[in-house]
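Comments concern the structure below.
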Amino acid sequence: MKAFATLVNALDSTNKTGLKTEAVIQFLKEADDNDKLWLLALFTGKRPKRNINTALLKTWAMEIANIPEWLFQESYSSVGDLGETISLVLPPPLNQKEASLSAWMEEIIQLKRATEEEKKEFVLKAWASLAGTSRFIFNKLLGGSFRLGISSKTLIQALSKHYKIDPSVITHSIMGNWDIQNVTFDKLVQGAYTDTRISQPYPFCLAYALEKELEDLGEVKEWQAEYKWDGIRGQFIKRNDQVFIWSRGEELVTDQFPEVKNTLLQWKGNFVIDGELLVVKNNTVANFSELQKRLNRKTITKKMMEEYPVAVYAYDLLEYEGEDWRYYELKQRRKKLEELISENVVANITISPIIHTENWKEMERMRENARLLNSEGLMLKSLSSPYHTGRKKGDWWKWKIDPLTIDAVLIYAQKGSGRRSAFYTDYTFAVKKGEELVTIAKAYSGLTNNEIQEISRFVNKHAIEKFGPVRTVKPELVFEIAFEGISFSNRHKSGVALRFPRILRWRKDKTVSEIDDIENIKKLIKP
Amino acid sequence: MWKCDYEDSALKIFSSHSCFTHHASLVLRFWQHFRISLYAMLQFKREGIYCTPGNFYIDPWRPVDAAIITHGHSDHARPGMKKYLCHHSTVPVLKARLGSEINVQGIAYNQPLSLNGVKISLHPAGHIIGSAQIRMEYKGRVVVASGDYKTQDDGLSTPFESVRCHEFISESTFGLPIYNWLPVAQQNEQLRNWVLQNQSQGKTSVFVGYSLGKAQRIMKALEGMGQLNVHYSIGKLNRAYESAGILLPAYTELDLREDVKKIDQSIVIVPPSLLDSNIIRKIPNMANALCSGWMQVRGARRWRSADAGFAISDHADWNGLLQAIKNTGAEKIYITHGQTAVFSKYLRELALDAEEVKTEFGTEDETVEQNTNAVAE
Numbered sequence: 000m001k002a003f004a005t006l007v008n009a010l011d012s013t014n015k016t017g018l019k020t021e022a023v024i025q026f027l028k029e030a031d032d033n034d035k036l037w038l039l040a041l042f043t044g045k046r047p048k049r050n051i052n053t054a055l056l057k058t059w060a061m062e063i064a065n066i067p068e069w070l071f072q073e074s075y076s077s078v079g080d081l082g083e084t085i086s087l088v089l090p091p092p093l094n095q096k097e098a099s100l101s102a103w104m105e106e107i108i109q110l111k112r113a114t115e116e117e118k119k120e121f122v123l124k125a126w127a128s129l130a131g132t133s134r135f136i137f138n139k140l141l142g143g144s145f146r147l148g149i150s151s152k153t154l155i156q157a158l159s160k161h162y163k164i165d166p167s168v169i170t171h172s173i174m175g176n177w178d179i180q181n182v183t184f185d186k187l188v189q190g191a192y193t194d195t196r197i198s199q200p201y202p203f204c205l206a207y208a209l210e211k212e213l214e215d216l217g218e219v220k221e222w223q224a225e226y227k228w229d230g231i232r233g234q235f236i237k238r239n240d241q242v243f244i245w246s247r248g249e250e251l252v253t254d255q256f257p258e259v260k261n262t263l264l265q266w267k268g269n270f271v272i273d274g275e276l277l278v279v280k281n282n283t284v285a286n287f288s289e290l291q292k293r294l295n296r297k298t299i300t301k302k303m304m305e306e307y308p309v310a311v312y313a314y315d316l317l318e319y320e321g322e323d324w325r326y327y328e329l330k331q332r333r334k335k336l337e338e339l340i341s342e343n344v345v346a347n348i349t350i351s352p353i354i355h356t357e358n359w360k361e362m363e364r365m366r367e368n369a370r371l372l373n374s375e376g377l378m379l380k381s382l383s384s385p386y387h388t389g390r391k392k393g394d395w396w397k398w399k400i401d402p403l404t405i406d407a408v409l410i411y412a413q414k415g416s417g418r419r420s421a422f423y424t425d426y427t428f429a430v431k432k433g434e435e436l437v438t439i440a441k442a443y444s445g446l447t448n449n450e451i452q453e454i455s456r457f458v459n460k461h462a463i464e465k466f467g468p469v470r471t472v473k474p475e476l477v478f479e480i481a482f483e484g485i486s487f488s489n490r491h492k493s494g495v496a497l498r499f500p501r502i503l504r505w506r507k508d509k510t511v512s513e514i515d516d517i518e519n520i521k522k523l524i525k526p
Numbered sequence: 000m001w002k003c004d005y006e007d008s009a010l011k012i013f014s015s016h017s018c019f020t021h022h023a024s025l026v027l028r029f030w031q032h033f034r035i036s037l038y039a040m041l042q043f044k045r046e047g048i049y050c051t052p053g054n055f056y057i058d059p060w061r062p063v064d065a066a067i068i069t070h071g072h073s074d075h076a077r078p079g080m081k082k083y084l085c086h087h088s089t090v091p092v093l094k095a096r097l098g099s100e101i102n103v104q105g106i107a108y109n110q111p112l113s114l115n116g117v118k119i120s121l122h123p124a125g126h127i128i129g130s131a132q133i134r135m136e137y138k139g140r141v142v143v144a145s146g147d148y149k150t151q152d153d154g155l156s157t158p159f160e161s162v163r164c165h166e167f168i169s170e171s172t173f174g175l176p177i178y179n180w181l182p183v184a185q186q187n188e189q190l191r192n193w194v195l196q197n198q199s200q201g202k203t204s205v206f207v208g209y210s211l212g213k214a215q216r217i218m219k220a221l222e223g224m225g226q227l228n229v230h231y232s233i234g235k236l237n238r239a240y241e242s243a244g245i246l247l248p249a250y251t252e253l254d255l256r257e258d259v260k261k262i263d264q265s266i267v268i269v270p271p272s273l274l275d276s277n278i279i280r281k282i283p284n285m286a287n288a289l290c291s292g293w294m295q296v297r298g299a300r301r302w303r304s305a306d307a308g309f310a311i312s313d314h315a316d317w318n319g320l321l322q323a324i325k326n327t328g329a330e331k332i333y334i335t336h337g338q339t340a341v342f343s344k345y346l347r348e349l350a351l352d353a354e355e356v357k358t359e360f361g362t363e364d365e366t367v368e369q370n371t372n373a374v375a376e
């Protein structure tokens, strides 16, 4: 595990992409084939299922370290990660043993059929043979939740640099369903298994936020403008009478949307479409909160499908009858997509309409009204653009509506996890409800490190109460909270739920008497 | 929880037991006063830890007449005292930091002294050079104030000496079971390996460590590895030590405002205050490492994105604290700065009579560490 531990350490200790790439390449040079496959597997979410309950791991660790549960809990809230906490409270290893990542992974997979006694024996033996980072990694592998400090883009770039293969080919090759037992690393990266997989999605083409003046984009007629729908971006694949729906998070979500799947099964032809999953009622896109009620359910009941009917707004065509269409210009792809949809008219898959205006000024007005349609703003796509792999600047722009904002006061703070565990980084904000305060949102991001440090000092000084890791603080610090949407909710005390709340800025110029009142905030909600 | 106000009361011991109603707190104050007057040598006053029969303070945070100083860190050695007493090696440090005009007397470890009938002696605390535990004996009762301490021998400070006592005042900076240091030899090896790795890649090794204590430890660990360049703020303290007869490895003082090309690929030690400054960004081919106990935790290492983080501390680790406390045989333990609530609770579970005490120690260093992640100690 040494090479892998070195990699994890190296990735942890820099945020420079160049150095991260260097570390990955170093690993690719040093590690054996199976370890490299495991790197990809862990990275592409093919980690094995967790075979040991984390509660058991915790119990065993407390037993060996001889510490009470409350003390373990205090340690955990200081570290912010269970696997790491365990690795730190355990006594030093007795006799260190070096085994490869894949050897460990194989043993961990074998645990599936083991009894609890056998599991305990295995884990305790492992702990006694591993030190430092290796022990931490082992715990993360056991827990099945390991994240490397590297973005997919950087990893793919490193692979691309090392193997001198185009990044898009690698992305394509390592996404999707491959089984570590049946592939070799070189062949996998070089795309030897790509054609066999019928469910294979393409990498999504992503847009940057518009950072230019509209005039600098050129003529309005060179651009295709659409609404930026606020749902779940998906890729809809039909090949050889099989349907696959991928979410942008590279998850296969076909079974969560049976109505869409059934429609697609009736469609003629083979294709890959890029589109947005939305709850649509009477031809009107519903608030994102409606769609949320459909997510992460084990079973989708008929009632749910009636109450929250899901439809697809199609954006783009990536593949048609086996041919990769991503290199055609957008106007050609759009035309083909329109044809395809008109041949297969079914209500719950429609095309995302194009917004036609004479000039940019008019386009601005369209954007301002976007929220009325429950959309987040507009998308501007160059009519001559290909369907890029990942994020490329220049051809596609997202042009969101300015967020809604409120002023709220900080009332609870909690230490973050992982790299944020040394500071109070997770905040709960409240607004006025008459003379009282009512919580409105939690937010984690939007502040600089210096501001976080300043707030942490405030929390240390002004904590009123302590509930486990949460500190109640004197309501004094006022922040401007931005969010993308708002809806009624009975889950929250305030009666509303904010979408994507984040801290826009610290309003040091404001006092708690100047924060917003919940009744006024409710007026922002669109039915 | 510190809901009881203490501004109006000089005579007060704070316990962790929670908040009281006004009435209850009055009763408690009375009881505490009574107990103190019965036998307690110590009072925790707003000025600092006070030895009642001796009429002196230990590491006070407000100006007083007589102060015994455990060590030279700024939260323990503050300006404005009429008289200072400390270990010989701490004298030049106090003069360098508080001014040469201060009235300070230095004594050796284990050199007994009597003050108003209280027998006083200093004993090595192993924290930094000259750091001392203060032993106070009055009418057969022994109290030890340990200041900051570590039980590992860093090869530079006089190693920690366990002193038997009835009452022991302990810090708890790293009073959580996640903080366990590697043996010093392994820590030093980590530093040397990192320097070797940098040297082979043509990089300049820049260590970030507190200028008093940590910097000298790093120097010692890297003795013979190459040219040691230390920031002039560290040089100032090195000279203070050398004037007290301490031998340090050879070093060159560095003013980073001047030409930095000459330090390319060498070893550089700078204080934490420079970590985010533009000054150190000018250092050519820099790889930087933070040396602090907080670096034990991955989150702390990643937050700063230093190239390396080494868990090297001048404070006792979890087992060090526990062992030190047990070895004193004390029947009463006061826990000052750090993980006070957690650590004293755990000691009580071990059937020790431990109590949290609010002090102003660690406020500077601890906040510095927690909030800038933790480099100074």
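Chains as they are written, first to last, in numbering that gives the first Met the number 0: chain A, 0 to 526; chain B, 0 to 376.
Note that beta-carbon positions come from the ideal geometry of N, C-alpha and C, so glycine has one too.
Kindly say whether residue i, judged by its beta-carbon, lies nearer than 8 Å to any beta-carbon of chain A.
i	result
residue 111 (chain B)	no
residue 57 (chain B)	no
residue 176 (chain B)	yes
residue 377 (chain B)	Since the first residue shown for chain B is 0 and the last is 376, residue 377 (chain B) is missing from the structure and cannot be characterised.
residue 300 (chain B)	yes
residue 184 (chain B)	no
residue 307 (chain B)	yes
residue 354 (chain B)	no
Under the three-state reduction of DSSP, which class applies to residue i: helix, strand or coil?
i	result
residue 273 (chain A)	strand
residue 123 (chain B)	strand
residue 32 (chain A)	helix
residue 160 (chain A)	helix
residue 505 (chain A)	strand
residue 66 (chain A)	coil
residue 332 (chain B)	strand
residue 431 (chain A)	strand
residue 155 (chain B)	coil
residue 56 (chain A)	helix
Taking the beta carbon of residue i as the centre, do at least 16 other beta carbons fall within 10 Å, making it buried, or is it exposed?
i	result
residue 69 (chain A)	exposed
residue 112 (chain B)	exposed
residue 329 (chain A)	buried
residue 353 (chain B)	buried
residue 180 (chain A)	exposed
Return the bridge partner residues of residue i from the DSSP annotation.
i	result
residue 234 (chain A)	A:245, A:273
residue 82 (chain B)	B:65
residue 384 (chain A)	Paired residue(s): none; residue 384 (chain A) is not in a bridge.
residue 198 (chain A)	Paired residues: none, contrary to the question.
residue 105 (chain B)	B:85
Does any CB atom of chain B fall closer than 8 Å to the CB of residue i?
i	result
residue 445 (chain A)	no
residue 67 (chain A)	yes
residue 471 (chain A)	no
residue 11 (chain A)	yes
residue 259 (chain A)	no
residue 583 (chain A)	With chain A represented from 0 up to 526, any question about residue 583 (chain A) goes unanswered, as that position is not in the structure.
residue 87 (chain A)	yes
residue 420 (chain A)	yes
residue 438 (chain A)	no
residue 70 (chain A)	yes
residue 115 (chain A)	no
residue 144 (chain A)	no
*Note down, in chain order, all residues in the stretch 319-343 of chain B with a beta-carbon under 7 Å from any beta-carbon belonging to chain A.*
341
*Between the stretch 94-110 of chain B and chain A, which residues of the former have CB atoms less than 7 Å from a CB of the latter, in chain order?*
none
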